[in-house]
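Peer 1: Order-wise, the sequence lines are chains A and B.
Read in our numbering, the first sequence has 157 at position 64, and its numbers run on one by one without any break.
Read in our numbering, the second sequence has 574 at position 22, and its numbers run on one by one without any break.
Glycine included, every Cβ here is placed at the ideal spot set by N, Cα and C.
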Amino acid sequence: MNQPLFSVTNLSKKFGKTIACNDISFDLWPGEILGIVGESGSGKTTLLRSIAGLIKPDQATINYQHKNKTLNIDQMDEPELRHLQRTEWAFVHQHPRDGLRMNVSAGANIGERLMANGWRHYDDIRAEAIKWLEAVEIDAKRIDDLPRTFSGGMQQRLQIARNLVTNPRLIFMDEPTGGLDVSVQARLLDLLRGLVRDLGLSAIIVTHDLAVARLLSNRLMVMKDGQVIEHGLTDQVLEDPQAAYSQLLVSSILQV
Amino acid sequence: MSQSIISPAIISPATQIDPNYNFAYLNEQTKKMIRRALLKAIAIPGYQVPFAGREMPMPYGWGTGGVQITASILTPDDVLKVIDQGADDTTNAVSIRKFFQRTAGIATTLNTSTATVIQTRHRIPEQKLQQGQILVYQVPIPEPLRFLEPRETETRKMHAFEDYGLMHVKLYEDISQHGHIATTYAYPVMVEDRYVMDPSPIPKFDNPKMNNNPALQLFGAGREKRIYAIPPYTKVVSLDFEDHPFEIQAWDQPCEICGAGDSFLDEVIMDDQGTRMFVCSDSDYCQSRSEVQS
Ligand SMILES: Nc1ncnc2c1ncn2[C@@H]1O[C@H](COP(=O)(O)OP(=O)(O)O)[C@@H](O)[C@H]1O
Ligand SMILES: [Mg+2]
Ligand SMILES: [Zn+2]
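1) Beta-carbon distances below 5 Å to any heavy atom of ligand 4 define the shell here; list its residues in chain order, please.
2) Can you check whether the C-beta of B:Gly-717 is within less than 8 Å of a C-beta belonging to chain A?
3) So, helix, strand or coil for A:Val-229, using DSSP?
4) Entirely within the stretch 149 to 235 of chain A and at least 3 residues each: give me those beta strand (DSSP E) ranges in chain order.
5) Here's a check: name, in chain order, each residue in its chain whose Cβ is nearer than 6 Å to the Cβ of B:Ser-624, leaving out the five neighbours to either side.
6) Establish whether the CB of A:Met-208 and some CB of chain B are separated by less than 8 Å.
7) Going by the CB atoms, is the gap between B:Val-741 and B:Ser-665 shorter than 8 Å?
8) Below 6 Å CB to CB, which residues in the same chain sit around B:Phe-575 once its five sequence neighbours on both sides are set aside?
9) Mind listing the chain A neighbours of B:Val-721? Cutoff is C-beta to C-beta under 9 Å, in chain order.
10) Under the criterion of a Cβ to heavy atom distance below 7 Å, does A:Asp-267 qualify as lining ligand 2?
11) Short check: CB of A:Ser-244 to CB of B:Glu-725, under 8 Å?
12) Using the DSSP secondary-structure output, state which residues sit across from A:Leu-313 in a beta bridge.
13) When DSSP labels each residue in this structure, what does A:Gln-96 get in the three-state scheme?
14) When you get a sec, list the residues whose CB is within less than 6 Å of any heavy atom of ligand 1, chain order please.
15) Which class does B:Phe-603 belong to by DSSP, given the choice of helix, strand or coil?
16) Using the C-alpha atoms, what's the distance from B:Glu-799 back to A:Asn-210?
17) With a threshold of 8 Å between beta-carbons, can B:Ser-728 be considered close to chain A, or not?
18) Would B:Glu-706 pass as an interface residue toward chain A - the criterion being a Cβ-Cβ separation below 8 Å?
19) Exposed or buried, what is B:Leu-768 when buried is set at 16 or more other beta-carbons lying within 10 Å of its beta-carbon?
20) Which runs of the alpha helix (DSSP H) fall wholly inside the stretch 690 to 724 of chain B and span at least 4 residues, in chain order?
21) Please list the partners that B:His-674 has in chain A, where partner means a Cβ-to-Cβ separation under 9 Å.
22) Just to confirm, is the Cβ distance from A:Ala-153 to A:Gly-136 under 8 Å?
23) Within this structure, are the beta carbons of B:Gln-690 and B:Thr-705 separated by less than 8 Å?
24) Which residue's Cα is closest to the Cα of B:Ala-712: A:Glu-173, A:Gly-124, A:Asn-161?
25) Looking at the structure shown, is B:Arg-841 part of a helix, part of a strand, or coil, going by DSSP?
26) Would you please verify whether the beta carbon of A:Glu-227 is less than 8 Å from any beta carbon of chain B?
27) If A:Leu-313 and A:Gly-128 are in contact, beta carbons under 8 Å, what's the gap, nearest whole angstrom?
28) How many whole angstroms separate the CB atoms of B:Ile-693 and B:Asp-750, which I take to be in contact at a CB cut-off of 8 Å?
29) Tell me the rounded alpha-carbon separation between B:Asn-759 and B:Phe-816.
30) Can you confirm whether A:Arg-213, when its beta carbon is compared against all beta carbons of chain B, has any partner nearer than 8 Å?
31) In the DSSP output, which residue or residues are listed as bridge partners for A:Glu-114?
32) Return the Cβ separation of A:Val-130 and A:Val-315 in integer angstroms, given the expectation that the two are a contact with Cβ distance under 8 Å.
33) Thinking just about the alpha-carbon of each residue, which of A:Ile-203, A:Gly-325, A:Pro-123, A:Glu-181 is nearest to the one in A:Leu-251?
34) From B:Thr-786 to B:Gln-682, what distance separates their C-alpha atoms?
35) If I measure Cβ to Cβ from B:Asn-763 and keep anything under 6 Å in the same chain, skipping five residues before and after, which residues do I get?
36) Starting from the beta carbon of A:Pro-172, find every residue of chain B whose beta carbon is closer than 7 Å, and list them in chain order.
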C-alpha cells in the first residue's frame, strides 16, 4: 500500500484550439474510489479516456502498478495495453451501446472477455455468465436475449457484468448512471457500491452529479475548463469547498 | 507453375489463343503485381494481403478474385480444371473454363488428378491433391470477423494482435441458439497457430482437407481485393470448444450412384414426382468411381 496503484503526471490534451485537459496530475491508491466531478464540457470524459488508454493524450506520464512492477501506460505498445484493458481493467461507458455488443446475446456479451482470454469450454463460460448476470441482478433466464430487449438500467448492469467477469482490479466509469431514471439510478448505485466493496476494486468514476460522487467516492477531484481546481477527501470537499466554483457547485446541488 | 501428370485421354488439348488478348487476359504488369501479393500471402499463411484488383469481363459474383489469381499463375503448359459446387458443368464453371481456353489457349480437364491448376467455388475435390497442384478458391467475403465487427480498422488490429475472442463469440452464439455449432459453411479456421481465416463458403466437411495438404491453396476475393494463401503442408485447425468439438457432416447412406461413403453428398431431385437421391457433389469423383466399377 505504499505505492499508488495508478499515477498520472502532467496530462494535457487538446482538440484543435480547445484545451480539454490542462496539465493534470493525481494518484489513485489501491482500494480507493476517486470521483471526478465538474460541469459538462469541463474535460472529465477526455481525462478518463486518456488515462484508460482509449485515446492518446498530447502529453502525460501514466504509471500503473502491476505485480510489483511499474508499467508505463503512455509508452506501452497497443497489444500489451489491450491485454491489460481486457484483463485487469474495466471501462463502463456512459451509453451502454458503446460498451456492449448489441447484436449478440447477454451471455455472449459477458463471455467475450473470457473467450478473448483463452476460455474454450462452453459450459464453463455459460456458468460464469449466469453467475455474473445474477451478481448484477438480471434474471439468468435472459442469458440468450439480445441487449436491445433490455431496459436502460439492465443494459447498464449488463455492461458492468461484461466488465467484471475477468475480476479486474481497476474500473473506470463514465457517468454510469447518466441516462437513467432516478429510481433506477439509486438501484444501480447501490449495486455498484456493493460490488466495488465486495470485490475490493479500485475505481475512477466520472460524473456531473455530486450526489453520485458523494455516495461512491472516497476522494473528489473538481474540474473546470480542463483544469483540476480542487482535490481532496470527498467529505472535506463537500463540507468545506475552497474554490469559489466548487462552493457554487456544492451549494447548487446539495440544496436539491 | 506447372507439373503435369498427364493422361491424354481426359484432357481437352490446348487451343488457339484469341490474338486480341494478352496470355490469360491480364497484362503482364498486373500479373506481376498479383504475383507479388501471392508471394507475400504464401510467406504469411492465412494473412489477407490487399492487392489492386482489376475489373474482369464478368460480374464479381462470378469469382473475379479467383480468376485474377488463376490468370496470374497460368503457364502455357498448365492443365486447368474449374469447379462450381463440385461440378464442372455449371454455367459459372463452364464460362470460366472457356474464358481461359480462349485467352490462354491452355488445356483443360474435368479430372482432378490430371489438373495442375484447379479453380473452385464452394468445394475442395474429394480426390486427394498432390504436391505441385494449385487450388484457387473464389472468395466472396474474406474477413471472418466481419460478422461481429464491421469496422475494418478494428478487424485488422484483431488479426495483428491475435485478439480473436470474437471468433468464439460467434460459435458461442451458435451453440446458445441451436444447441450445437450450426455453422456449416465458411467455418473459420486457425492457420499455422497464428491467423484466423475464412476458408470461403466450402462445407465444413472440406475443412480437414485443408490441413497439411500437399497442394498450394490460394484464395482470391475480387470485390474486396484481398488475397490469402495456405502453403503446402500447413497446419489448419477448425475452431471449436472443448465440450463442442468440431465435427464434419455425415450421411446415413452412401452415394446412390457410386456408393462412396466418404464424400460430400447433395440431395438432388430426380424427376417430376419429386423422387430424391443422395449423390456425390463432386461429379468427377463420382464418375471416376462409377467407371471403375462398371
Ligand atoms: N473528439 C473531440 N473533438 C473535439 N472536441 C472535443 C472532443 N471530445 C471533447 N471535446 C471538447 O473537449 C472539451 C471537454 O469535453 P469532455 O471531456 O467531453 O467533457 P465532459 O466529459 O466533462 O463533459 C469540450 O469542450 C468538448 O467539446
Ligand atoms: Mg463526459
Ligand atoms: Zn458418387
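Peer 2: In short:
1) As presented, the structure is devoid of ligand 4, carrying ligand 1, ligand 2 and ligand 3 as its sole ligands.
2) For B:Gly-717, the nearest beta carbon of chain A is closer than 8 Å to its own beta carbon.
3) Looking at A:Val-229 - three-state DSSP - the assignment turns out to be coil, as it is neither helix nor strand.
4) Positions of the beta strand (DSSP E) runs, each at least 3 residues long and wholly inside the stretch 149 to 235 of chain A, are given as 152 to 159, 162 to 165, 182 to 185 in order along the chain.
5) For B:Ser-624, where only same-chain residues beyond five positions count, the Cβ hits under 6 Å are Lys-583, Ile-586, Arg-587.
6) Chain B, which has a Cβ nearer than 8 Å to the Cβ of A:Met-208, makes this yes.
7) Not a contact, by the Cβ cut-off of 8 Å.
8) Once the five neighbours on either side are set aside, the close Cβ partners of B:Phe-575 are Ala-656.
9) Neighbourhood of B:Val-721 in chain A, by CB distance below 9 Å: Arg-194, Val-197, Ala-201, Asn-202, Gly-204, Glu-205, Met-208, Ala-209, in chain order.
10) Result yes, Cβ under 7 Å from ligand 2.
11) Annotated as distal: A:Ser-244 and B:Glu-725, with beta-carbon spacing of 8 Å or more.
12) Answer by DSSP bridge pairing, in chain order: A:Gly-128, A:Gly-325.
13) Note: A:Gln-96 maps to coil in three-state DSSP.
14) Qualifying residues, in the order they occur: A:Phe-108, A:Thr-111, A:Ala-113, A:Gly-131, A:Ser-133, A:Gly-134, A:Ser-135, A:Gly-136, A:Lys-137, A:Thr-138, A:Thr-139.
15) Here B:Phe-603 sits in coil by DSSP.
16) Between A:Asn-210 and B:Glu-799, the C-alpha separation is close to 24 Å.
17) At least one chain A Cβ lies under 8 Å of B:Ser-728.
18) So no, B:Glu-706 is outside the interface.
19) Counting the other Cβ atoms within 10 Å of the Cβ of B:Leu-768 gives 16 or more, which makes it buried.
20) Counting only runs of 4 or more, we get 704 to 712.
21) Those do not exist, as B:His-674 stays about 26 Å from chain A at its closest Cβ, beyond 9 Å.
22) Remark: C-beta atoms of A:Ala-153 and A:Gly-136 do not approach each other more closely than 8 Å.
23) No, the pair does not count as a contact, with Cβ atoms beyond the cut-off.
24) Check the Cα spacing between B:Ala-712 and each of A:Glu-173, A:Gly-124, A:Asn-161: the tightest is with A:Glu-173.
25) Of the three classes helix, strand and coil, the one that applies to B:Arg-841 here is helix, per DSSP.
26) The C-beta of A:Glu-227 comes no closer than 8 Å to any C-beta of chain B.
27) Rounded to the nearest angstrom, the Cβ distance from A:Leu-313 to A:Gly-128 is 5 Å, consistent with a contact under 8 Å.
28) Yes, B:Ile-693 and B:Asp-750 are in contact; Cβ-Cβ is about 7 Å, under 8 Å.
29) Using only the alpha carbons, I get a separation of about 12 Å.
30) Interface residue, yes.
31) Note that residue 114 of chain A corresponds to Cys in the displayed sequence, not to Glu. A:Cys-114 pairs with A:Lys-106.
32) So it is a contact: roughly 6 Å between Cβ atoms.
33) Comparing Cα positions, the closest option is A:Ile-203.
34) Roughly 14 Å between the two C-alpha positions.
35) Around B:Asn-763: Val-788.
36) Simply Phe-713.
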